[in-house]
Amino acid sequence: MFHHQTRTRTRGPLAALAGMALACVLLLPAQAAADELNVVATTSSLGALAREIGGDQAEIRVLAPPDRDAHYLDARPSFMAALRRADLLLEMGAGLEEGWLPAAQRGASNRAINTGQPGHFRAADKVELRRSITMDGPNMGHVHEEGNPHFNADPLRMAEIGLALAERMGELAPEHAGAFVERAERAAERLREHAEALAEQVAAEQRIVVYHEDLDYLEEWLPVEIVGYLEPAPGIPPTARHLRSLVGDLEGSEGTVLYAAFQPARGAEFLERNLGWSAHAVPLDPPADAALEGYLELMTTWAQTLPRR
Amino acid sequence: MNRSILARRTLGGLAALAVAGAPPVAAQWQPPQDRSPVDLDISLILEGVYFNELSQGNDSPAGFDDGHDHGHDHGHGHDHGFEDGFNLGHSELVFEANLGDLFDGVLMLGFDDDHLDVEEAWLTTRGLPAGFQVKAGKFLSDIGYINSRHVHDWDFVDRPLVNEYLFGDHGLQETGVQATWVAPTATYTQLGVELLQGDSFLPYQGSGGSHTVGDDTIHSSFSSVSGPRLTTVFAKFGPDLGPDHAAQFGVSGGYARTWQEETPHGSGLEEWDGDAWFAGVDAVYKYSSGRAYGHGDWRLQGEYFYREIDVDYERREDQTTTAGNAVGSGKSKQDGLYLQAVYGFAPRWEAGLRTEALGLTNDALPTNEGDDRDFVVPSFDTSYRHSAQVTFRPVEPVFLRAQLSQNDFVDGDGDRDRGLEFMLQLNVALGAHGAHRF
Chain G
34 MFHHQTRTRT
44 RGPLAALAGM
54 ALACVLLLPA
64 QAAADELNVV
74 ATTSSLGALA
84 REIGGDQAEI
94 RVLAPPDRDA
104 HYLDARPSFM
114 AALRRADLLL
124 EMGAGLEEGW
134 LPAAQRGASN
144 RAINTGQPGH
154 FRAADKVELR
164 RSITMDGPNM
174 GHVHEEGNPH
184 FNADPLRMAE
194 IGLALAERMG
204 ELAPEHAGAF
214 VERAERAAER
224 LREHAEALAE
234 QVAAEQRIVV
244 YHEDLDYLEE
254 WLPVEIVGYL
264 EPAPGIPPTA
274 RHLRSLVGDL
284 EGSEGTVLYA
294 AFQPARGAEF
304 LERNLGWSAH
314 AVPLDPPADA
324 ALEGYLELMT
334 TWAQTLPRR
Chain E
49 MNRSILARRT
59 LGGLAALAVA
69 GAPPVAAQWQ
79 PPQDRSPVDL
89 DISLILEGVY
99 FNELSQGNDS
109 PAGFDDGHDH
119 GHDHGHGHDH
129 GFEDGFNLGH
139 SELVFEANLG
149 DLFDGVLMLG
159 FDDDHLDVEE
169 AWLTTRGLPA
179 GFQVKAGKFL
189 SDIGYINSRH
199 VHDWDFVDRP
209 LVNEYLFGDH
219 GLQETGVQAT
229 WVAPTATYTQ
239 LGVELLQGDS
249 FLPYQGSGGS
259 HTVGDDTIHS
269 SFSSVSGPRL
279 TTVFAKFGPD
289 LGPDHAAQFG
299 VSGGYARTWQ
309 EETPHGSGLE
319 EWDGDAWFAG
329 VDAVYKYSSG
339 RAYGHGDWRL
349 QGEYFYREID
359 VDYERREDQT
369 TTAGNAVGSG
379 KSKQDGLYLQ
389 AVYGFAPRWE
399 AGLRTEALGL
409 TNDALPTNEG
419 DDRDFVVPSF
429 DTSYRHSAQV
439 TFRPVEPVFL
449 RAQLSQNDFV
459 DGDGDRDRGL
469 EFMLQLNVAL
479 GAHGAHRF
């Protein structure tokens, strides 16, 4: 390749460094075929949409491990390496990835995925967000001004995002634009149908307590109402005092406690003991290699934690 | 190494790459459609430190105090500048903005009770093709690992000895230009070169100086060397180790084409005139347990740096007379390293250990000794420091850290005297402070 010859012509330490770089290039696994769109998604929910829409015409890499809190990740070198080669970066936005993604984007030195470029897709721009409770509570340094960024828990919004994403992927790979839109429309239909079917299976007027505001969007498509949070404020672990006051408020009522598998179980167990509610640790995102099917299964997992009609 | 040729080749190479090496993706780049107004993020990082010297040892490690303190301490401690009791530590006001997606700009003002410094003021490109970035202004050099990081991102209250004593109280913080290239590889690979003025790293006098000694005037023998006087190169590699592990390895080095230092005395003038280079390796590994609030996470970090200063030395009594035999050429060879580990032992709680050695090789700058003022390159023993810290993060932007450090510094006569220091640090980030780098 031309650039490496140029590089190795420099002398001294530079030549040594260039040599190392060349070695890395040579050790590279075969790159994605040129006609595949190289898509990097921050979360596996976005990855699942992109994989469904992209089919064989897109290669998807998910950055955030699905069993981790996407708020708190390191801007890892491997993320920057993936972003360096990306044609398209998908992020949730609205502050979800603000602790690490801007650093990874800067470190990737890839102008195609800069904010404002066609190669940067911010899902939060495509849907209306629920109000985040961080906008009302005391300022604990973690305010989502644009709204609640955990809309991956809402298949209806995900359907809309899929349609917008297909359009964007079509701009970047016009030869596949028709196929992308077609698959996105089919995916949107399946998401809406599955959401409706699950909602019909769940008993009416369910009350749920969640750990963080990351499952609030369940209210948008399931017959549930959020009646409390295990965290006293977003980002603050449950305190004994807060849990006691929750129990006081909810005593004598029926409901379910949901929390993410990576969140500490203690608060949920306390409510289970003191209220007799059932508590469930659930995944928030599908497996990293999932396509639409994986997301539909995740929806089923959420719905099945609730009493049936 | 001829710096100007190197610079020309490098820049020429960069330009050639920029034109010829653009991959197909770059063709998709286009100027931003909607020009957003300049987006300015402001954050304020406030730090307070309570410092208590529990027992006093040697103030500073032998061989590193300007190279000419052989044996007699000057009474001021090694310069992290804390006094016993409460201190307004190192606080920062940070402005970050971007001009569309063409440039990012950062202005970082550092302050304590009586200083306000422009610590960083730079622009970096975001729109160059093929993985290139150019940064210009005053910035922390990307050599090593901790050098480019601010107090808020450190795992210990104070800067590692090797960084403080080889590169200065603020690390290698210079005005200049940096060019980096990120390779399109599965393993993260970043190569960089910096052309720096050299003001913080190396002493520089230039021509025309003079000193009055008794009735005589002694003129400096230095010649002027135009800037930039320091060139650095670095490479960073980060393999993909899956969801639980992440690592980055770096090699870096630098060449200062001039090193001009002088010390006037009542009876003459000492001068050191030469050049210097340094090289080092750094590594950081992070383990993510997947549990909330950092519980079970590990961070391991270490760096080694070696510096060589090659100088002609002379002590003169007057303009033309050498004092005794105090003339010659010699090399100062010094190095240092640290290793540290931090573990999240409970949600929001971390504990860490750091061990440091300074001057494993410790040949200081040449000087003279004895009645005949014989030329010598003095050699000293190694100094050590061991630190332990516990950190609590009640909410994400706030941390409270207690640190105990044992200084095991050797003095110029080879005597060791251990000192024990306790530090309590409160650090709060207010406002929209940017994403953390790895």
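So the sequence lines, in the order shown, correspond to chains G and E.
Here my numbering is used: the first residue of the first sequence is 34, the next is one more, and so on.
Here my numbering is used: the first residue of the second sequence is 49, the next is one more, and so on.
Cβ atoms here follow ideal geometry from the backbone N, Cα and C, with glycine treated the same way.
All values derive from a computational prediction rather than experimental measurement.
### Query
If we count the other Cβ atoms within 10 Å of its Cβ and call it buried at 16 or more, is A273/G buried or exposed?
To locate residue 273/G, count along the first sequence from 1; it is residue 240. The residue is exposed, with fewer than 16 neighbouring Cβ atoms inside 10 Å.
### Task
Excluding the 5 residues preceding and the 5 following T223/E in the sequence, name in chain order all residues of the same chain whose CB lies nearer than 6 Å to its CB.
Translated into the one-based positions of the second sequence, residue 223/E becomes position 175. Only K186 and Q245 meet the Cβ criterion.
### Below-9 Å beta-carbon distance, H484/E vs any chain G residue
As a working note, residue 484/E is residue 436 in the second sequence. Yes - at least one Cβ of chain G is within 9 Å of the one on H484/E.
### Query
Counting Cβ pairs closer than 8 Å, one from the region 148-165 of chain G and one from the region 113-125 of chain G, do we hit at least three?
yes
### Query
So, does the CB of T265/E fall closer than 9 Å to a CB anywhere in chain G?
The residue given as residue 265/E occupies position 217 in the second sequence. No, because no Cβ of chain G sits closer than 9 Å to the Cβ of T265/E.
### Task
Compare the Cα-Cα distances from E318/E to each of E310/E, A324/E and W325/E and report the closest residue.
Indexing the second sequence from 1 puts residue 318/E at position 270. Considering only alpha carbons, the answer is E310/E.
### Task
Could you give the DSSP three-state label for D206/E: helix, strand or coil?
Within the second sequence, residue 206/E is the residue found at index 158, counting from 1. Correct three-state label for D206/E: coil.
### Query
Does DSSP classify S431/E as helix, strand or coil?
By one-based count along the second sequence, residue 431/E stands at place 383. It is a strand residue.
#### Entry: Buried or exposed (CB count within 10 angstroms, at least 16 for buried), P232/E
Taking the second sequence and counting its residues from 1, one reaches residue 232/E at position 184. Per the 10 Å Cβ criterion, buried.
### Message
Quick check on A169/E: does DSSP put it in helix, strand or coil?
### Response
Here the question's residue 169/E lines up with position 121 in the second sequence. Strand at A169/E.
#### Entry: Bridge partners - V73/G, DSSP secondary structure assignment
As a first step, residue 73/G must be located in the first sequence, where it is residue number 40. In DSSP, V73/G forms a bridge with R94/G and L122/G.
### Query
chain E beta carbons: is any one of them nearer than 9 Å to that of S77/G?
For this step, residue 77/G is matched to residue 44 along the first sequence. No, because no Cβ of chain E sits closer than 9 Å to the Cβ of S77/G.
### Task
Could you check the C-alpha separation between R197/E and E253/G for me, to the nearest Å?
Working through the second sequence from its first residue, we reach residue 197/E at position 149. Working through the first sequence from its first residue, we reach residue 253/G at position 220. Straight-line Cα distance between these residues: approximately 43 Å.
### Task
Report yes or no: is there a C-beta of chain G within less than 9 Å of the C-beta of F285/E?
For the purposes of this step, residue 285/E is identified with residue 237 of the second sequence, where counting begins at 1. It does; some Cβ of chain G falls within 9 Å.
### Sequence-distant residues of the same chain with beta carbon closer than 7 Å to P256/G, five excluded per side
Against the first sequence, residue 256/G aligns to sequence position 223. So the qualifying residues of the chain are A232, V235, A237, E238 and Q239.
### Query
Are the beta-carbon atoms of T370/E and A114/G separated by less than 9 Å?
Start at 1 with the first residue of the second sequence, and residue 370/E comes out as number 322. Start at 1 with the first residue of the first sequence, and residue 114/G comes out as number 81. Their beta carbons are not under 9 Å apart, which means T370/E does not touch A114/G by this criterion.
### Task
Please list the residues of the region 111-137 of chain G that have a C-beta atom closer than 7 Å to any C-beta atom in chain E, keeping them in chain order.
S111, M113, A114, R117, R118, D120, E131, G132, W133, L134, P135 and A136
### Message
So with CB distances below 8 Å, who are the chain E contacts of D322/G?
### Response
Within the first sequence, the letter at position 289 stands for residue 322/G. Those do not exist, as D322/G stays about 12 Å from chain E at its closest Cβ, beyond 8 Å.
### Query
What residues from chain G crowd round G148/E, counting only those whose CB sits closer than 8 Å?
Residue numbering aside, residue 148/E sits at position 100 when the second sequence is read from its first letter. In chain order: G149.
### Task
Assuming P267/G and T167/G form a contact by the criterion Cβ under 8 Å, report the distance between their Cβ atoms to the nearest whole angstrom.
As a position in the first sequence, residue 267/G is number 234, starting the count at 1. As a position in the first sequence, residue 167/G is number 134, starting the count at 1. The Cβ separation is near 5 Å, so the contact holds.
### Query
Given that a residue counts as buried once 16 or more other Cβ atoms are within 10 Å of its Cβ, and exposed if not, what is Q437/E?
Start at 1 with the first residue of the second sequence, and residue 437/E comes out as number 389. With 16 or more Cβ atoms within 10 Å of its Cβ, Q437/E is classed as buried.
### Query
With respect to the alpha helix (DSSP H) encompassing S111/G, which residues constitute its N-terminal and C-terminal limits?
Walking along the first sequence from the start, residue 111/G turns up at place 78. Unbroken alpha helix (DSSP H) run through S111/G: P110 to R117.
### Query
Buried or exposed: N100/E, going by 16 or more other Cβ atoms within 10 Å of its Cβ?
Here residue 100/E refers to the residue found at position 52 of the second sequence. N100/E is exposed by the Cβ-count criterion.
### Task
Just confirm the distance between the C-beta atoms of W307/E and A327/E, as a whole number of angstroms; I'd bet it's less than 8 Å.
Within the second sequence, numbered from 1, the residue matching residue 307/E stands at position 259. Within the second sequence, numbered from 1, the residue matching residue 327/E stands at position 279. Their Cβ separation, rounded to whole angstroms, is 16 Å, which puts W307/E and A327/E out of contact at 8 Å.
### Task
Look up H227/G in the DSSP assignment and say whether it is helix, strand or coil.
As a working mapping, residue 227/G is identified with position 194 in the first sequence. The answer is helix: DSSP assigns H227/G an H, G or I state.
### chain G within 9 Å of R174/E, Cβ atoms only
As a first step, residue 174/E must be located in the second sequence, where it is residue number 126. So, interface residue.
### Task
Could you tell me which chain E residues have their CB closer than 9 Å to the CB of N181/G, listed as they occur along the chain?
Sequence index remark: in the first sequence, residue 181/G carries index 148 (1-based). Under the 9 Å cutoff, chain E gives no residues; its nearest Cβ is about 18 Å from N181/G.
#### Entry: Neighbour flag for F180/E against chain G, beta carbons, 9 Å
Within the second sequence, residue 180/E is the residue found at index 132, counting from 1. Taking Cβ atoms only, chain G reaches closer than 9 Å to F180/E, which makes this a yes.
### Task
Would you mind telling me which residues of chain G sit closer than 8 Å to G392/E, beta carbon to beta carbon, in chain order?
Numbered from 1 along the second sequence, position 344 holds the residue referred to as residue 392/E. Near G392/E there are no residues of chain G at all, since even the closest Cβ is about 12 Å away, more than 8 Å.
#### Entry: Interface residues of the region 207-237 of chain E facing chain G [CB-CB below 9 Å]
T228, W229, V230, A231, P232, T233, A234, T235, Y236 and T237
### Query
Nearest to R164/G by alpha carbon, out of A145/G, R155/G, F184/G and I146/G?
The sequence position of residue 164/G within the first sequence is 131, counting from 1. Ranking the options by Cα distance to R164/G, first place goes to F184/G.
### Task
Identify, in the order they occur along the chain, each residue of the same chain with its Cβ nearer than 6 Å to the Cβ of Q473/E, setting aside the five sequence neighbours on each side.
As a working note, residue 473/E is residue 425 in the second sequence. Excluding residues within five positions, the ones whose Cβ falls inside 6 Å are V97, V205 and R449.
#### Entry: Helix, strand or coil at Y262/G according to DSSP, with G and I counted as helix
Within the first sequence, residue 262/G is the residue found at index 229, counting from 1. Reduced to three states, the DSSP call for Y262/G is strand.
### Message
Taking the alpha-carbon of R355/E as reference, which of A412/E, M156/E and L136/E has the nearest alpha-carbon?
### Response
Translated into the one-based positions of the second sequence, residue 355/E becomes position 307. Cα-wise, what sits closest to R355/E is A412/E.
#### Entry: Residue burial classification, R341/G (beta-carbon count within 10 angstroms, cutoff 16)
By 1-based counting over the first sequence, the position of residue 341/G is 308. Label assigned to R341/G: exposed.
### Query
chain C beta carbons: is any one of them nearer than 9 Å to that of Y354/E?
Included in the structure are the protein chains G and E, with no chain C among them.
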